[in-house]
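Residue numbers (the working numbering): 83 to 300.
Glycine residues also receive a C-beta, built at the ideal position from the N, C-alpha and C atoms.
Notes follow once the structure below has been shown.
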């Protein structure tokens with residue numbers, strides 16, 4: 083089994099980034115690595131803990147960038163952010179001609195209907211959050227994993243392991259392709275500071291802000 087990194091993506095997401103222009107050495111610019119890749123929705127493997135479905139980057143289909151190179155930088159201490167196509171996790175359509183990205187990790191609540199007393203001897207249906215699902219990632223200098231983590235084990239819902247994950251894994255609100263689309267952004271640590279001085283702060287969970295700061299693609 084591949085070693086799963088102990089890096090905390092939550093700590094990464096909360097890191098403070100100080101901006102500046104790119105340093106250069108021997109006329110070679112330090113670049114931010116941007117990698118677009120996707121998983122087929124059937125690529126996930128249910129975990130023994132009954133709560134997790136994992137997607138391994140060895141199954142990823144890369145459409146932009148060099149995933150191996152980006153992960154090498156990630157393992158060397160670079161800042162790592164993974165974004166998912168927002169249409170997979172929210173009722174928001176992507177910008178025309180492009181994609182809107184939502185930062186991971188994120189957590190969604192799934193509703194269930196319960197019956198409550200209506201005060202008149204009857205009952206009324208009330209929607210409540212029955213369980214939550216987190217979309218998370220981890221990495222080292224050669225591997226990347228995307229996890230769908232449920233607060234309830236799939237055995238609470240079905241005797242068939244995949245049924246719950248078929249429902250709770252990211253899927254396009256508007257229908258369409260079953261692919262799970264991601265964008266990996268790896269920022270070398272040398273770009274955090276310029277001349278030892280902290281620059282303007284950027285909200286790393288806002289892809290548009292990161293894009294503007296580092297001139298990244300749409």
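Rounded distance between the beta-carbons of residue j and residue i, thought under 8 angstroms
| i | j | result |
| --- | --- | --- |
| residue 266 | residue 123 | Incorrect: roughly 19 angstroms between the Cβ atoms, too far for contact. |
| residue 223 | residue 158 | 7 angstroms |
| residue 232 | residue 133 | 5 angstroms |
| residue 36 | residue 285 | This structure cannot settle anything about residue 36, because the visible part of the chain is limited to 83 through 300. |
| residue 189 | residue 216 | 4 angstroms |
| residue 162 | residue 183 | Not really, about 14 angstroms apart at Cβ, beyond 8 angstroms. |
| residue 225 | residue 160 | 15 angstroms between Cβ atoms; not a contact. |
| residue 249 | residue 166 | No, residue 249 and residue 166 are not in contact; Cβ-Cβ is about 17 angstroms, not under 8 angstroms. |
Beta-carbon proximity check, residue i vs residue j, cutoff 8 angstroms
| i | j | result |
| --- | --- | --- |
| residue 153 | residue 221 | yes |
| residue 112 | residue 299 | no |
| residue 156 | residue 289 | no |
| residue 219 | residue 164 | yes |
| residue 129 | residue 137 | no |
| residue 121 | residue 228 | yes |
| residue 143 | residue 116 | no |
| residue 230 | residue 251 | yes |
Bounding residues of the alpha helix (DSSP H) (the contiguous stretch that carries residue i)
| i | result |
| --- | --- |
| residue 150 | 149-157 |
| residue 292 | 289-296 |
Which residues DSSP lists as bridging residue i, in chain order
| i | result |
| --- | --- |
| residue 254 | Paired residue(s): none; residue 254 is not in a bridge. |
| residue 146 | 118 |
| residue 189 | 216 |
| residue 184 | 166 |
| residue 127 | 136 |
| residue 221 | 226 |
Residue i - containing beta strand (DSSP E), residue span
| i | result |
| --- | --- |
| residue 136 | 134-138 |
| residue 123 | Element bounds for residue 123: n/a, residue is neither H nor E. |
| residue 265 | 262-269 |
| residue 167 | 161-167 |
| residue 227 | 226-232 |
Any C-beta of chain D under 8 angstroms from that of residue i
| i | result |
| --- | --- |
| residue 272 | In the structure shown, chain D cannot be found, because there is only a single protein chain. |
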